[in-house]
Amino acid sequence: MTDFDRETLRALADDGNERALDRLADLAEARGDVQELSDLLDEGCLHAGELLTRRAAAARDLLELQRIADAGYDEAAEVLEQLLAGGSD
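In terms of the working numbering, the sequence shown opens at residue 342 and continues consecutively.
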């Protein structure tokens, strides 16, 4: 992944560039910054939702999966249902 200046990515994201939002999510994931990922999801970044869902599923954090689903990332609801049904995924 090419390194981009975070402030430049933020400016692009603020102007509606979805790819910049995705890159910000990648940077937050690399830093382990769950709060920024959550903020990006709240801004509509589905990639952040994917990354958060992966983390929550690995931790088997059902409440976090519900929060992610409520924030608009539908796949989190599917993962939550699989966990509740006893699925291994």
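Just so it is clear, CB atoms sit at the ideal spot from N, CA and C, and this is done for glycine as well.
If you're wondering where the values come from, they're calculated on a predicted model, not measured in any experiment.
Query raised in the report: When we look at the beta-carbon of threonine 394 and count the other beta-carbons within 10 Å, is it buried (16 or more) or exposed?
Result: Per the 10 Å Cβ criterion, buried.
Query - Exposure of glycine 390, with buried meaning 16 or more beta-carbon neighbours within 10 Å - result: Looking at its Cβ environment, which holds 16 or more other Cβ atoms inside 10 Å, glycine 390 is buried.
Requested in this report: Write down the C-beta distance between leucine 350 and leucine 381 rounded to the nearest angstrom, noting that I regard them as a contact closer than 8 Å.
Outcome: Not really, about 11 Å apart at Cβ, beyond 8 Å.
Report task. Determine the DSSP secondary structure at arginine 401, reduced to helix, strand or coil. Result -> Residue state, collapsed to three classes: coil.
Requested in this report: Enumerate in chain order the residues of its own chain whose CB-to-CB distance from serine 379 is below 6 Å, with the five nearest sequence positions on each side excluded.
Outcome: Here the set comprises nothing.
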